[in-house]
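> Positions in the sequence shown are counted from 1; adding 57 to them yields the working numbering. Below you will find the structure I want to go over with you.
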Amino acid sequence: MARHILITGASVAGNTAAWWLGRAGFDVTVVERAPAFREGGQNIDVRGSGREVLRRMGLEQAALDHGTGEEGTAWVDADNRIAAQFLVTDSATEGMTAEMEILRGDLSRLLYEPASQHATYRFGDSVTAIEQTETAASVTFASGRTARYDAVIVAEGVGSATRAHVFPNENDPRWMDLTIAYFTVPRTPDDDRLWRWYNATEGRSVSLRPDRHGTTRAMLSVQQPPQGEQDWSIADQKAWLRAQFANAGWKSQRVLDGMDTTDDFYFDVLRQVRMKCWSKGRVVLTGDAAWCATPIAGIGTALAVTGAYVLAAELARTDDIAAAFAAYEQAMRPMVEDAQGVPKIAPKMMNPQTRTGIRLLHTALDVASKPAVRSVTGKIFGGRSKAPDLSRYKDVIMAHDADMTHLGSPLPAETPPPTGLSPLLALGAVGLVLGASALVGRRNAPDPSHPRIRRWYRRLDKPEFTPPDAAFGAVWPVLETGLAVGGYRLLRQPSGPARNTAVGLWLLNTAMVGGWTQLFFREKKLGASAVASAAMVASSAAYVATAAKVDKPAAATGVPFVAWLGFATLLAERIWRDNPADKMRGPKT
58 MARHILITGA SVAGNTAAWW LGRAGFDVTV VERAPAFREG GQNIDVRGSG
108 REVLRRMGLE QAALDHGTGE EGTAWVDADN RIAAQFLVTD SATEGMTAEM
158 EILRGDLSRL LYEPASQHAT YRFGDSVTAI EQTETAASVT FASGRTARYD
208 AVIVAEGVGS ATRAHVFPNE NDPRWMDLTI AYFTVPRTPD DDRLWRWYNA
258 TEGRSVSLRP DRHGTTRAML SVQQPPQGEQ DWSIADQKAW LRAQFANAGW
308 KSQRVLDGMD TTDDFYFDVL RQVRMKCWSK GRVVLTGDAA WCATPIAGIG
358 TALAVTGAYV LAAELARTDD IAAAFAAYEQ AMRPMVEDAQ GVPKIAPKMM
408 NPQTRTGIRL LHTALDVASK PAVRSVTGKI FGGRSKAPDL SRYKDVIMAH
458 DADMTHLGSP LPAETPPPTG LSPLLALGAV GLVLGASALV GRRNAPDPSH
508 PRIRRWYRRL DKPEFTPPDA AFGAVWPVLE TGLAVGGYRL LRQPSGPARN
558 TAVGLWLLNT AMVGGWTQLF FREKKLGASA VASAAMVASS AAYVATAAKV
608 DKPAAATGVP FVAWLGFATL LAERIWRDNP ADKMRGPKT
């Protein structure tokens, strides 16, 4: 068995790897560039497989006890009125606020303190060079020390210097067009236990979240393409934020004032780390250094904890370093690629550029928060279904440490993998859903079978870009066919959070199509139909984004639907504006 292990970075991933490797009998050294253990940091959550690893470490309850106490997420307007909210107690599924919400520094300390009993930590030092042979990795440190190790685990951040040294020019980052700053501000009496999210125009947002230390965690974000801001000095970054948020409204001035005195300012332009291979010789990457999925994915901590555990277990299984690294990568790739599949449209959807876009976002979120759809749409922020099978590791490290038998709760019994619907049932479900929608639409169509509706529609003043009636008749069958194909493909996929959410959004959008025809043609409520059309743009975009995590062809079939709804929203709004109330009157059929 390889015995001497170096871990670079006392991160969540680094501390988790040190915890498990130390107990498995390895001689572990952790080197951290910071001069001391780093406290602070923003809210993170631990879900799914990450929470299972904490359970096996005996740390699950401690993590819950050290939680922030956040009770849910609320989108607010400039007057702090709630436009939409998702409370933890209102849903059986975890939304943007998970049951296990904890500060990064608090979780890291829960991992670090027991890990330090079985590993040597050296703060204020870093790696400057690594020379590899077939038998060892020779490491030179900034302090001037040198040492030989059987393996080196790089558990640094998204901008890992050690990764750049060992894997030069091998990272192909995917920029997410979102710049974020995190820091702590003083708590005020009106701060509650909600994550309050305020959207301003020009893609800006301000967030305030509770913690357990008597302060409040703030976040400023700007949706725009990267311009190299991550390389600026802290002074320039703060000056840029002050200029960006000078007129943003809500509590932006309070946050900017707090930014001037904070001691934990963190600024980053979000980008994913894309590596074709996570290991080279005796050096391996884990955590953000290997695969940073960005906070947008909502699964970064689970990835870090799960990946470090799997890596440690694979190293404990064999003396063959290359085989252990290969097995680790094979186990973790599906989960990582699933997490990194979040579409770049997501930051744009959540950070609109205009007031109209903000109203549409709030409308869509308010619809999603209703009891009828909350149990489904809440999963859009939840975990993933492609985590590695942890049952194969349950006895690997335990065998090396008899004192660990008392830790954690019994492992759950293995269950068979989930499956999707049979072809016949999937076709039947698609036919039933789309058939019902088509019947409702046919009932309200402005064609010769409904002469009053047709006469009323033709009397309306319509803009010059209105397609001829025949175009509508040609377009909708194509769009409905796309929805049918997408729905069928999704129903055939194995059940899981992302798949179930995508199916729920597919059902919601299909139902909304019929509802829109009722509002516009039969009820003649032009204003309400324009709002409903805009809400459908948001909900259909959410459908495409979620379906892309499960089945990319299914998501692709929904893209024309989103584009057509965007055009239809512009058309509906213009017709509403150009037609006075008296023209909307007419007998109902």
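C-beta atoms are modelled at their ideal positions from N, C-alpha and C, and glycine is treated no differently.
Check for me: the alpha helix (DSSP H) holding D314 runs from which residue to which?
Counting from 1 along the sequence shown, the entry for residue 314 is found at position 257. Segment 309 to 318, the alpha helix (DSSP H) holding D314.
> I'd like the span of the alpha helix (DSSP H) that includes I378, first residue to last.
By 1-based counting over the sequence shown, the position of residue 378 is 321. Run containing I378: 378 to 396, per the alpha helix (DSSP H) assignment.
> Measuring straight from C-alpha to C-alpha, what distance separates L372 and L627?
For the purposes of this step, residue 372 is identified with residue 315 of the sequence shown, where counting begins at 1. For the purposes of this step, residue 627 is identified with residue 570 of the sequence shown, where counting begins at 1. Taking the straight line from one Cα to the other gives about 58 Å.
> How many angstroms separate the CA atom of T614 from the CA atom of I402?
Looking up residue 614 in the sequence shown gives position 557. Looking up residue 402 in the sequence shown gives position 345. Approximately 16 Å, taken between the alpha carbons.
> Using a Cβ distance threshold of 8 Å, determine whether the region 118 to 132 contacts the region 245 to 255, with at least three qualifying pairs required.
They touch, by the three-pair rule.
> At what residue ranges does the region 318 to 375 contain a whole run of the alpha helix (DSSP H), taking only runs of 4 or more?
Entirely contained in the region 318 to 375, the alpha helix (DSSP H) runs reaching 4 residues are, in chain order, 345 to 348, 357 to 374.
> Starting from E89, trace the beta strand (DSSP E) both ways and give me its first and last residue.
Here residue 89 corresponds to residue number 32 of the sequence shown, with the count starting at 1. From DSSP, the beta strand (DSSP E) with E89 extends over 84 to 89.
> Where DSSP assigns a beta bridge to A131, which residues make up the other side?
Locating residue 131 in the sequence shown gives position 74, where the first residue counts as 1. According to DSSP, A131 bridges with Q142, R253.
> For the ligand MG, is there any heavy atom lying closer than 7 Å to the beta carbon of E170?
With respect to the ligand MG, the structure shown offers nothing to examine, as it has no ligands at all.
> For Q329 versus R231, is the C-beta spacing smaller than 8 Å?
One-based indexing of the sequence shown puts residue 329 at position 272. One-based indexing of the sequence shown puts residue 231 at position 174. Taking 8 Å as the Cβ cut-off, Q329 and R231 qualify as a contacting pair.
> Using the beta-carbon count (16 or more within 10 Å), is S506 buried or exposed?
Start at 1 with the first residue of the sequence shown, and residue 506 comes out as number 449. The residue in question, S506, is exposed, as its Cβ has fewer than 16 Cβ neighbours within 10 Å.
> Do P364 and G344 have their CB atoms nearer than 8 Å?
The count along the sequence shown starts at 1 and reaches residue 364 at position 307. The count along the sequence shown starts at 1 and reaches residue 344 at position 287. Note on residue identity: the sequence assigns Gly, not Pro, to residue 364. Yes, the Cβ-Cβ distance between G364 and G344 is below 8 Å.
> Look up S262 in the DSSP assignment and say whether it is helix, strand or coil.
By 1-based counting over the sequence shown, the position of residue 262 is 205. Residue state, collapsed to three classes: strand.
> In whole angstroms, what separates the C-alpha of D263 from that of T192?
Along the sequence shown, one-based indexing puts residue 263 at 206. Along the sequence shown, one-based indexing puts residue 192 at 135. The sequence given here has Val at residue 263, not Asp. C-alpha separation (whole angstroms): 52 Å.
> What separation, rounded to the nearest whole angstrom, lies between the Cα atoms of P610 and G543?
Walking along the sequence shown from the start, residue 610 turns up at place 553. Walking along the sequence shown from the start, residue 543 turns up at place 486. Rounded to the nearest angstrom, the two C-alpha atoms are 7 Å apart.
> Give the list of continuous alpha helix (DSSP H) stretches no shorter than 4 residues that lie fully inside the region 208 to 240.
For the region 208 to 240, whole alpha helix (DSSP H) runs of length 4 or above, ordered along the chain, are 218 to 223.
> Are there three or more Cβ pairs, one per stretch, closer than 8 Å when the region 227 to 243 is compared with the region 329 to 341?
Yes, the region 227 to 243 is in contact with the region 329 to 341.
> M276 lies in the beta strand (DSSP E); which residues open and close that run?
Position 219 of the sequence shown, counting from 1, holds the residue named residue 276. Note, M276: beta strand (DSSP E), 272 to 280.
> Can you give the Cα-Cα distance for I632 and A612, rounded to whole angstroms?
In the sequence shown, the residue the question calls residue 632 occupies position 575. In the sequence shown, the residue the question calls residue 612 occupies position 555. Rounded to whole angstroms, I632 to A612 spans 30 Å at the Cα level.
> If you measure between the beta carbons of I101 and G124, is that distance less than 8 Å?
For the purposes of this step, residue 101 is identified with residue 44 of the sequence shown, where counting begins at 1. For the purposes of this step, residue 124 is identified with residue 67 of the sequence shown, where counting begins at 1. Result no, Cβ atoms of I101 and G124 do not sit closer than 8 Å.
> Beta-carbon within less than 8 Å of A589's beta-carbon, same chain only, minus the 5 sequence neighbours each way: which residues are those?
If you number the sequence shown from 1, residue 589 lands on position 532. Around A589: M569, G572, W573, L576.
> Helix or strand or just coil, what does DSSP make of N100?
In the sequence shown, the residue the question calls residue 100 occupies position 43. It is a strand residue.
> Thinking C-alpha only, which one of T154, A381, V87, T375 is nearest A204?
Sequence index remark: in the sequence shown, residue 204 carries index 147 (1-based). The residue with the shortest Cα to Cα distance from A204 is V87.
> Nearest by alpha-carbon distance to R416: which of A257, V535, I356, A218 is it?
Within the sequence shown, numbered from 1, the residue matching residue 416 stands at position 359. The option with the nearest alpha carbon to R416 is A257.
> Using the beta-carbon count (16 or more within 10 Å), is R634 buried or exposed?
Translated into positions along the sequence shown, residue 634 becomes position 577. Result: exposed.
> Alpha carbons only, please: which of G79, L164, S217, R266 is nearest the one belonging to Q709?
Outside the displayed range of the chain (58 to 646) lies residue 709, so it cannot be described from this structure.
> Inspect the beta-carbon positions of W307 and A186 and report whether they are closer than 8 Å.
Translated into the one-based positions of the sequence shown, residue 307 becomes position 250. Translated into the one-based positions of the sequence shown, residue 186 becomes position 129. Taking 8 Å as the Cβ cut-off, W307 and A186 do not qualify as a contacting pair.
> Report the option in D293, A172, E386, R179 whose CA atom is closest to the CA atom of C334.
Your numbering for residue 334 matches position 277 in the sequence shown. Nearest option by C-alpha distance: E386.
> Can you give me the C-alpha to C-alpha distance between P409 and K451, rounded to a whole angstrom?
What you label residue 409 is simply residue 352 of the sequence shown in a count that begins at 1. What you label residue 451 is simply residue 394 of the sequence shown in a count that begins at 1. Distance between the alpha carbons of P409 and K451: 45 Å.
> Got a sec? Which residues, its chain only, sit under 6 Å from V594 by beta carbon, not counting five neighbours each side?
As a working mapping, residue 594 is identified with position 537 in the sequence shown. Taken in chain order, the residues that qualify are L622, G623, T626.
> Under 8 Å between the Cβ atoms of G398 and K606?
Here residue 398 refers to the residue found at position 341 of the sequence shown. Here residue 606 refers to the residue found at position 549 of the sequence shown. Going by C-beta atoms, G398 is nearer than 8 Å to K606.
> Which residues mark the beginning and the end of the beta strand (DSSP E) in which H61 is found?
As a position in the sequence shown, residue 61 is number 4, starting the count at 1. That run of the beta strand (DSSP E) goes 61 to 65.
> Quick one: is N137 buried, meaning 16 or more other Cβ sit within 10 Å of its Cβ, or exposed?
Position 80 of the sequence shown, counted from the first residue, corresponds to residue 137. N137 comes out exposed.
> Taking only the alpha-carbon atoms, compute the straight-line gap between V110 and A585 and give it to the nearest angstrom.
Against the sequence shown, residue 110 aligns to sequence position 53. Against the sequence shown, residue 585 aligns to sequence position 528. Computed Cα separation, rounded: 49 Å.
> Determine the extent of the alpha helix (DSSP H) in which V607 is found, giving its start and end residues.
The sequence position of residue 607 within the sequence shown is 550, counting from 1. V607 -> no alpha helix (DSSP H), and no H or E assigned at all.
> Assuming S106 is part of the alpha helix (DSSP H), what are its boundary residues?
Start at 1 with the first residue of the sequence shown, and residue 106 comes out as number 49. That run of the alpha helix (DSSP H) goes 105 to 114.
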